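If you read the sequence shown in the working numbering, its first letter stands for residue 21, the second for the next number, and so on. C-beta: ideal position from N, C-alpha, C; glycine also. All values derive from a computational prediction rather than experimental measurement. Below is one structure, written out as C-alpha cells; comments come after it.
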Amino acid sequence: MKFITRHTAIAFISLIFGDLAVAGQTPETTADSVPAVAPAVPADTVPPRKKGLISRIISYFDDSNKPPSQKKFDISFLGGPSYSSSTNFEIAVIAAGLYKSRYDSLTPRSNISIFTEVSVIGMFNVGVRGSHIFPGDHMRINYDGNFTRFPSYFWGIGFDSERNDDNKGKYTLFESAIKAEFIWKLGRNVFLGPAFTFNYSQADDVKKPELWRGERLKQLNYGAGIVFSLDTRDDAENPYKGLHFQLSNRYYPTFLGNRRYFYTGEVTLGIYHRFWESGVWALQAHGAISGKDTPWSMLPTIDASGAVRGYYEGRYRDRNEADIVLELRQKVWRRNGIVLWGGVAAVFDHPSEITGRRLLPTYGIGYRWEFKKRVNVRVDFGIGRHSTAFNVSINEAF
C-alpha cells in the first residue's frame, strides 16, 4: 500500500518552538548608596529581540523556499493534521532532507524523507524513502521502506468483483516492504542496475475470506531483478522539462524462499514541457504486469495516491494495470499554484478485457503551495468512476 509517500503529506504546521525569555535582574540599591548606572550601549550593538513562537513559525515558512545552502545538509520538518479518503483524518510528521555528495554541476541533489503517520481509523505507517546520488552522478541508489497497519476494505480480484461496492469486506493489512535499486550510469542520462524487493503482508480480522479465493492470507516474498532508466528531467521531484522512461522486472524464484515462482514488471514514461514561464504540462503513461501465480498482496493496483486520483487506495487490482494521465501545472501568485488533470486507467487479466465499460476515468483540480524551491505541498480533489477522493500530499503526483 502507498500512503506518504510519493511522499504523502501533511498540513502547514511547523515543529518549531520558541525559546523562553528570561527576565534580567535589576541592580540592588540602598539608602546610603548611589544607584548603579549601566554604561551606555551604542544603538548598533543592542542585541536583537528574540522571536516568539508565532514569529518563528512565520519566519520559518518565509525562509523555507530560499535556495538550499551549498555547505550544509538542508533539512526541513513538517507536521500536523492531514486527510485522505482512504485513511481519514491523521497526524503526520515528516523530516525531508536535500543534500549533495559533491558540490558540482554534474551532481544533482540527493534526497531523503523519514515519515510517520497515525490516523483515527487505527492506521499507522512509518518509513524512509530517498535517492542517494554519487559524485558526478555515476551511480544512484533509490530506496523505499515502510511498515504499515491499515484497517481497510478488500473488494476481491478483478474488475467485475471490484466494481460492486456491496462486495467489499473489512480487513486489517499488516505490511512491511523494502525496495532498493542500484543503478550505474552507462551513458548520458542512461542508467542500468539490479533491484531487490522484500515484502511481508498479512490480512487480519478478515470479514469475507471468500474474496481471497482460497489464497493464503499471510505472504512472505523475496525478489530480485533489473532496472533500466533514461532520465533527462531537470529535477526528479518537480520537473519543468525533460523525459523519464523506466523499465523494471522482478523475479521471485522458490530458491529465494518464495512459496511459488512468479514475476512482476513495470514500465513508466513521463514527458514534461514548459509551455510558458509559469506553466508546465506533464504526461505520464504507466503499466504493470504480473505472472499467473502472483499472490494477492503483490498484484498491480490503481495507485490512488499517485497519478490516478479519485479512488480508494487498493480497491482495483488484477494481474495487469495501465493508466495515462495529463496534468497542467500553473503557478498563479508568488508561492501559490493550481493544477488540472485528466486521464484513464484499467485493471485486467488479459488486454482483450479492456473495453469502455471497464475504463476508470480520473480528473480533478488541485492547489499547490511551494514549501521549498521545487518542493510543493499539494491538495488534490479527484473524481473517478462513481467515486471521489481528497488527498493532501507533498511533491507532485508524478
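From this set, Ala342, Gln239, Arg279 and Leu276, which residue's C-alpha is nearest His306's C-alpha? Here residue 306 refers to the residue found at position 286 when the sequence shown is read from its first residue. For the residues Ala342, Gln239, Arg279 and Leu276, the minimum Cα distance to His306 belongs to Ala342.
Exercise for review: Measure the Cβ-Cβ separation of Val328 and Gly363 and say whether it is below 9 Å.
Suggested key: The sequence position of residue 328 within the sequence shown is 308, counting from 1. The sequence position of residue 363 within the sequence shown is 343, counting from 1. Yes.
Buried or exposed for Trp175, going by 16 or more other Cβ atoms inside 10 Å?
In the sequence shown, the residue the question calls residue 175 occupies position 155. It counts as buried.
Using the C-alpha atoms, what's the distance from Met318 back to Arg160? The sequence position of residue 160 within the sequence shown is 140, counting from 1. The sequence position of residue 318 within the sequence shown is 298, counting from 1. The straight-line gap from Cα to Cα measures roughly 25 Å.
Look at the Cβ atom of Val287, then the Cβ atom of Ala302, and state whether they are nearer than 9 Å. Mapped onto the sequence shown, residue 287 falls at position 267. Mapped onto the sequence shown, residue 302 falls at position 282. In this structure, Ala302 does not lie closer than 9 Å to Val287 by Cβ.
query = Anyone know if the C-beta pair for Ile114 and Ile134 falls short of 9 Å?
reply = As a working mapping, residue 114 is identified with position 94 in the sequence shown. As a working mapping, residue 134 is identified with position 114 in the sequence shown. Yes; because the gap between Cβ atoms is below 9 Å, this pair is in contact.
Exercise for the section: Report all residues from its chain with a CB closer than 7 Å to the CB of Val42; omit the five preceding and five following residues, and keep chain order. Expected result: For the purposes of this step, residue 42 is taken as the residue at position 22 of the sequence shown. Because Val42 sits at a pLDDT of 35, beneath the cut-off of 50, its placement in the model cannot be relied upon, and the following sentence gives the value as read from the coordinates. Taken in chain order, the list of residues that qualify is empty.
Given 8 Å, three or more beta-carbon pairs between the stretch 190-206 and the stretch 149-166:
Enough Cβ pairs lie closer than 8 Å, so yes.
* To do: Could you please give the first and the last residue of the uninterrupted alpha helix (DSSP H) stretch that includes Glu182?
  => In the sequence shown, the residue the question calls residue 182 occupies position 162. Its alpha helix (DSSP H) spans residues Phe179 to Glu182.
message: Comparing C-alpha positions only, which one of Ile246, Lys190 and Leu289 sits nearest to Tyr344?
response: If you number the sequence shown from 1, residue 344 lands on position 324. Before going further, note that residue 344 is Ile rather than Tyr in the sequence given. When only C-alpha atoms are compared, the closest one is Leu289.
Within 10 angstroms of its Cβ, does Thr375 collect 16 or more other Cβ (buried), or is it exposed?
-> For this step, residue 375 is matched to residue 355 along the sequence shown. Exposed.
* To do: Select from Tyr191, Gly147 and Phe410 the residue whose C-alpha is nearest the C-alpha of Tyr103.
  => The residue labelled residue 103 in the question sits at position 83 within the sequence shown. Minimum Cα distance to Tyr103 is reached at Phe410.
CA nearest to the CA of Phe154, picked from Tyr336, Met143, Ser130 and Pro229: If you number the sequence shown from 1, residue 154 lands on position 134. Comparing Cα positions, the closest option is Ser130.
- Does DSSP classify Thr274 as helix, strand or coil? Counting from one through the sequence shown, the residue named residue 274 turns up at place 254. It is helical.
Close Cβ partners of Thr408 (< 8 Å) along its chain, the five nearest in sequence each way excluded:
Within the sequence shown, residue 408 is the residue found at index 388, counting from 1. Taken in chain order, the residues that qualify are Ser105, Gly330, Phe401 and Gly402.
Can you check which of these residues, Gly245, Ala324 and Tyr281, is closest to Ser268 by C-alpha distance? In the sequence shown, residue 268 corresponds to position 248, counting from 1. When each option's Cα is compared against that of Ser268, the closest is Gly245.
- Message: What does DSSP give as the partner residue(s) for Trp389 in the beta ladder?
- Response: Along the sequence shown, one-based indexing puts residue 389 at 369. DSSP lists Asn356 and Val397 as partners of Trp389.
Looking at the structure shown, is Leu231 part of a helix, part of a strand, or coil, going by DSSP?
The count along the sequence shown starts at 1 and reaches residue 231 at position 211. In this structure, Leu231 counts as helix in the three-state DSSP scheme.
Give me whichever residues DSSP pairs with Arg149 in a beta bridge.
Here residue 149 refers to the residue found at position 129 of the sequence shown. Answer is Ser133 and Asp164, bridged to Arg149.
Could you tell me how far apart the beta carbons of Arg394 and Asn209 are, in whole angstroms, since I believe they sit closer than 8 Å? Taking the first residue of the sequence shown as 1, we reach residue 394 at position 374. Taking the first residue of the sequence shown as 1, we reach residue 209 at position 189. In this structure, Arg394 and Asn209 do not form a Cβ contact; the two beta carbons are roughly 19 Å apart against a cut-off of 8 Å.
| message | Just to confirm my understanding: we take Arg270, look at its own chain, exclude 5 residues before and 5 after, and list those with CB closer than 8 Å. What are they? | response | Locating residue 270 in the sequence shown gives position 250, counting from the first residue. Same-chain partners within the cutoff: Ala215, Thr217, Gly243, Ala244, Gly245, Tyr283, Thr284 and Gly285.
Ala63 versus Gly100 - alpha carbon distance: Position 43 of the sequence shown, counting from 1, holds the residue named residue 63. Position 80 of the sequence shown, counting from 1, holds the residue named residue 100. Low local confidence applies: a pLDDT of 49 at Ala63 is under 50, so the model's placement there is unreliable, with the coordinate-based value given in what follows. Straight-line spacing of the CA atoms in Ala63 and Gly100 works out to 41 Å.
| request: Pick helix, strand or coil for Arg378, following the three-state DSSP scheme. | output: As a working mapping, residue 378 is identified with position 358 in the sequence shown. It is helical.
Exercise. For Ile385, does the count of other Cβ atoms within 10 angstroms reach 16, so buried, or fall short, so exposed?
Worked result: In the sequence shown, counting from the first residue as 1, residue 385 sits at position 365. Exposed.
Where does Ile322 land, buried or exposed, given buried means 16+ other C-beta within 10 angstroms?
One-based indexing of the sequence shown puts residue 322 at position 302. Buried, since its Cβ has 16 or more Cβ neighbours within 10 Å.
> Is it true that the CB of Arg377 sits closer than 9 Å to the CB of Lys351?
Replying inline: Within the sequence shown, numbered from 1, the residue matching residue 351 stands at position 331. Within the sequence shown, numbered from 1, the residue matching residue 377 stands at position 357. It is not a contact, given that the beta carbons lie outside the stated cut-off.
C-alpha distance - Asp157 paired with Arg236, whole-angstrom precision = Taking the sequence shown and counting its residues from 1, one reaches residue 157 at position 137. Taking the sequence shown and counting its residues from 1, one reaches residue 236 at position 216. The alpha-carbon atoms of Asp157 and Arg236 are separated by roughly 43 Å.
### Query
What whole-angstrom Cβ distance do Ile132 and Val146 have, given they're in contact under 8 Å?
Along the sequence shown, read from residue 1 onward, the residue named residue 132 stands at position 112. Along the sequence shown, read from residue 1 onward, the residue named residue 146 stands at position 126. Not a contact, Cβ separation roughly 14 Å.
Whole beta strand (DSSP E) runs in the stretch 177-262 with 3 or more residues, listed along the chain?
189-207, 210-224 and 238-251
Residues in its own chain within less than 6 Å of Ser221 by CB, not counting five upstream and five downstream?
Position 201 of the sequence shown, counted from the first residue, corresponds to residue 221. Glu195, Gln239 and Ser317, listed in sequence order.
- [ ] Compare the C-beta of Glu297 with all C-beta atoms of chain D and state if any pair is closer than 9 Å.
- [x] The structure shown contains no chain D; it is built from a single protein chain.
In the structure shown, what three-state DSSP assignment does Ser317 receive? Numbered from its first residue, the sequence shown carries residue 317 at position 297. Ser317: helix per DSSP, three-state reduction.
Check your understanding: Which two residues bound the contiguous beta strand (DSSP E) that contains Asp94?
Key -> Stepping through the sequence shown from its first residue, residue 94 is reached at position 74. First-last of the beta strand (DSSP E) with Asp94: Asp94 to Ser104.
Tell me which residue opens and which closes the beta strand (DSSP E) that Val287 is part of. The residue given as residue 287 occupies position 267 in the sequence shown. Residues Phe282 to Trp296.
Simplified DSSP state of Asp323, which is helix, strand or coil: As a working mapping, residue 323 is identified with position 303 in the sequence shown. If DSSP states are grouped into helix, strand and coil, Asp323 belongs with coil.
| said: Please tell me whether, using a cut-off of 8 Å, the distance from the CB of Ile114 to the nearest non-hydrogen atom of the ligand MN is below it. | reply: Judged by which ligands are present, the structure shown has none, so any question about the ligand MN falls away.
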